[in-house]
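Have a look at the structure below before the remarks.
In our numbering, the protein residues as written are 55 to 350.
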C-alpha cells in the first residue's frame, strides 16, 4: 500500500533506482516510518525504517537524519546478521515537506577487503559496527557526541509527544573547569572529565536514558519518561556524588563540583534546539546562584 502523499511523479523518480538497489523507499526520518517502497512491496501498518535489521533497533549512526539536516546525500555500510548492505540516504521533497529517500543494496558478495579477513581481528561486520559507533561516540569520555544529540533528540521528542509521556533534558557543566585546566594542565583536566562522566553514568538507566558530551566540559543528559520532580531527584543525586570527588595532583587536593539545569517537556511541540536552550537557561541560573546547584 502506498502513502497518499506520494505522487506519480515521485514514483517515477524512485522507480529509476529499482533496477539497481534491493530496497528503495521513502521514510519519515523523525517518526521512523516507511511512506513508500518498491512498486510490488507491501508496507505493513506502522512499519519502521529499522524493522529491516535483525536487531529491530534504531541505528546509532543514522545517515537519514544527517542527510536531511545537512541537505545532502550520505552513504554507509550496515551489517545485518551475516550480510552487508550499502545504504544511501538523500532528502526528497513531497508536497512541500522534506522526507528521505533510502536506497539499500546487498553487497555481501560484491565487496573486496584486501586487508581485512575473518581470521584477522574483527570480522567485517564487527568492523562496520565499530566504525558506525565511532561516528557517534566521544573519544575521551566514551559518551555519545554532538552528532548523536542531533540525530536522536528530535526522535525522542516526537516519540514522547505521540505517546504522551514526559522527557527531561539536563545541561550540566563542570564548575571552574577552565581554572582547573589553566592551573593543573590539560592532562589533569582530561582526568577530571573522565571521572566526572563516569560518575554521571552511574545514575542513568542504560536501556532508556543516555548522556552525550555537548562540547568542552558541558554535557547533556536525556531522561526518558521522567517528569521534573523525578528528574530533580536524579540530578540531585548526581550533584551530591560529584561534589564528593576529590582529585589529587602533586600532593594537592582538587574538589570537583558541577552545575545542573534541567527542563521537562510533556506534550508541547518543541524543537530539539529549543529544548536544549530551556535546559541551558536553567544551567545559567544555577551558575548565577553560586554553582554546584540543580535548577529546574
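Don't be surprised by glycine CBs; every beta carbon is placed ideally from N, CA and C. Values in this document were obtained by computation on a predicted structure and should not be read as measured data.
DSSP places residue 316 within a strand segment (E or B) once states are collapsed to three. When secondary structure is reduced to three states using DSSP, residue 325 falls in the coil class, being assigned neither helix nor strand.
Residue 269 sits in a strand when the DSSP states are folded into three classes. Spatial neighbours of residue 111 in its own chain (CB-CB distance under 8 Å, excluding positions within 5 residues in sequence) are listed in chain order as 104. Shown here for residue 121: same chain residues with a beta carbon closer than 7 Å to its own, the five before and five after excluded, namely 127, 128, 143, 144, 145, 154 in chain order. Around the C-beta of residue 333, 16 or more other C-beta atoms lie within 10 Å, and the residue is accordingly described as buried. About 7 Å separates the CB atoms of residue 115 and residue 130; that is less than 8 Å, so the two are in contact. Distance from the CA of residue 83 to the CA of residue 107, rounded to the nearest whole angstrom, comes to 16 Å.
Annotated three-state conformation of residue 279 is coil, per DSSP. Annotation: the continuous alpha helix (DSSP H) that includes residue 217 extends over 200-217.
When beta bridges are read from the DSSP output, residue 76 appears opposite no residue.
Remark: C-beta atoms of residue 293 and residue 314 approach each other more closely than 8 Å.
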